[in-house]
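This report concerns only the one structure given below.
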Amino acid sequence: MIPPGFDIGVSTAAFQIEGAVRADGRGPSTWDAFMAQPGRIADASDASVAADHYHRRPEDVRLMAELGVDSYRFSLGWPRIQPGGTGPANKAGLAFYDKLLDELLAAGIKPMATLFHWDMPEPLQHKGGWMTRDTAYRFADFALLAGEAFGDRVDKWVTINEPTTVTLNGYALGVHAPGATLMFDALLAAHHQLLGHGLAVQALRSESVTGGIGITNVHSPVHPAKDNFVTRQYAQVFDLVHNRIYADPVLLGHYPKVPFLARKQFKALHDVDDNDLKVISQPLDFYGLNYYMPTRIGAGAPADAATPDGTDAEGMRDLPFHLAAWPEFPKTAFGWPIAPEFLTESLADYGQRYAGKLPPVYITEGGASFADIPAADGSIPDTDRIAYLESHIAAAVAGAPGVDVRGYYVWTLMDNWEWAAGFREKFGLIAVDPRTQDRTPKASYRWLQGVLRSRS
Ligand code: IFM
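Below is the structure:
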């Protein structure tokens, strides 16, 4: 099933698994502040312990080694390394990732490090976070620190994870940190993240890091619910805000053309300096795609304020379009349609749209939340997750014309703190008991282990 040279990895993020939010000089982050606000997190939990990976790192690396993955994608906690978002590195923070990198390499696992997976040092958020241009430059300083410390060992660098989600959930709808409800004005945060990406690429290259450099966005192919002019236009607008305003500037060096009806809303992106676009579109060594589900857009305001993550955002009600259902597909526990054919469609779309400009692609995240009800003997027979992974890995391996797909990273190694959903949504190959922190590999872990062993 998996050809030679095609990497299978697992993916995580610092804030979702590490815990130890006050340990060893870590500074507060945007998410520390957000999760402390009443009503923000579905189960009223917080990530102060999460999966306690900060203290259980060696055990987690051992579990990855036994699983047999080629690569591990994790993120470097910016507030752990640079607690105030400026100035020198916190030695204890660096030491944690130093040990992680050494342990991974000793286990034969290639490290893929993400620089920004959503936990911004709080002092930078106070100054406006990604709405402030200066944050892009502070992010480049952080990239420089990371490149200097780990540039000899990281196999691949991802500058920013899912700028779409940060812009939409964090700055437009307010269901993620920092909780801003700027709607289309949030597009400035998109531009500053992209600028931060470009500056971080320059910073890493100035440190002559040995690993490849890329960015990751979450791609959702968009379809109109009805085949009429207005619905098609709204679908096009959603495709822009979710997908193309990130991929086009990075891969083509310009923002996409906007349908006439939305010109005003996208103005922030059309006033940008050409020099920014040059910085944003530097050639990359790879492009990261996270794929979870397709989106169907219907014309007319939504019936309720629900976002795809199940959290209500009042701003949704003001939109002239809504997210329509996919009754033809089975769903994950999150209610997301399970449709591997749309991963194929996403790849085909990239192959066509970015022909000649697309570096090798890694599916840097893919996975599903399920209820994971334990059997009487305590084992977790998550056959629905196995089916999900089998079909999506097969789609990634099959690829599409014009795309060189080099790997698939399962989201995620172990059950974690799923942002605004708290501990409710379980995506892991390994269950984590929230009281004892005991790790129990699920059937999906054993299945993937078998697949990886059978390669040789
Ligand atoms: O948990 C998240 C991750 O942090 C980013 N991509 C989507 C995952 C599932 O929602």
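Here the sequence shown stands for residues 145 to 600, where the numbers follow the numbering used here. Idealized CB from N, CA, C, for every residue including glycine.
Which of the three DSSP states is assigned to HIS335 in this structure? helix
If you draw a straight line from the C-alpha of LYS475 to the C-alpha of ASN234, how long is it? 43 Å
With DSSP as the reference, label ASP456 as helix, strand or coil. strand
Contacting residues, own chain, Cβ-Cβ under 6 Å from GLN513 (five flanking each side not counted): The sequence as given places Ser at residue 513; Gln does not occur at that position. So the qualifying residues of the chain are THR476, ALA477, PHE478, GLU569, LYS570, PHE571.
Which of helix, strand or coil DSSP assigns to LEU220: coil
Ordered along the chain, which non-local residues of its own chain (more than five positions away) have a Cβ less than 6 Å from that of ASP559? LYS570, GLY572, ALA575, VAL576
Could you check if MET145 is buried or exposed, using at least 16 other CB atoms within 10 Å of its CB as the buried criterion? exposed
How big is the Cα-Cα spacing for TRP262 and VAL310? 7 Å
Contact between the region 491-505 and the region 442-462: three or more CB pairs below 8 Å? no
Could you check what DSSP says for ILE424 in three-state terms: helix, strand or coil? helix
Residue(s) in a DSSP beta bridge with THR325: Bridge partners of THR325: none, in fact.
Report the CB separation of THR230 from ARG282 in whole angstroms; it is logged as a contact under 8 Å. 6 Å
Between which two residues does the alpha helix (DSSP H) containing VAL595 stretch? 587-598
Below 7 Å between beta carbons: does that hold for ASP299 and GLY551? no
What residues are listed by DSSP as bridge partners for GLY153? SER215, TYR553
Assuming LEU317 contacts ALA457 under a Cβ cut-off of 8 Å, what Cβ separation, rounded to an integer in Å, is found between them? 4 Å
Short of 8 Å in beta carbon distance, which residues of its chain neighbour LEU259, apart from the five on each side in sequence? Order them along the chain. SER219, LEU220, TRP222, PHE283, PHE286, ALA287, ALA290, TRP301, VAL302, THR303, ILE304, ALA344
DSSP beta-bridge partners for LEU467? ILE441
Give the range of the alpha helix (DSSP H) segment to which GLY495 is assigned. 485-497
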